Amino acid sequence: IKERKEEAKSYKEYLAKIVELSKKVKTPADSPTYPKSLDSNAKRALYDNLGYDEELTIALDAEICHTKKDGWRGNSIKEREVKYAIRKHIGDDDAEVDRVFDLVKNQSGY
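If you use the numbering used here, the sequence shown corresponds to residues 86 to 195, in order.
Right, dumping it as structure tokens:
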């Protein structure tokens with residue numbers, strides 16, 4: 086009986102952990118893993134994909150928001166301007182610039 090109760094207790098603890106993890110997935114802004122300055126899904130996506138560099142994330146987000154124009158997706162000239170803004174912060178690695186650009190392009194926050 087004692088063993089069964091211990092198993093039930095550990096299962097309860099397991100379920101509590103699952104509930105906590107699901108809350109973090111549902112509202113990642115409340116997760117302690119993100120700095121408070123990352124207040125949008127777009128910033129958090131950049132942060133996750135730029136080596137968890139908060140300064141780079143904030144600078145790149147500001148640059149993109151300043152550079153992008155209305156209807157920039159699908160317009161090659163406007164997209165090129167956004168890529169240039171990314172390149173200013175990422176460097177001349179074309180593959181990395183393209184990877185970050187694709188990430189930005191797929192974020193509804195931009």
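Using N, Cα and C, we set each Cβ at its ideal position, and we do this for glycine too. All values derive from a computational prediction rather than experimental measurement.
The residue from Ser-95, Leu-131, Leu-106 and Val-104 with its alpha-carbon nearest to that of Glu-181 is Leu-131.
When C-alpha distances from Lys-190 are compared across Trp-157, Ser-122, Tyr-169 and Asp-179, the shortest belongs to Trp-157.
Secondary structure of Arg-129 (DSSP, three-state): helix. By the Cβ neighbour-count rule, Tyr-137 is exposed, with fewer than 16 other Cβ atoms within 10 Å of its own. Its Cα nearest to that of Ala-147, the residue His-174 stands out among Lys-163, His-174 and Glu-164.
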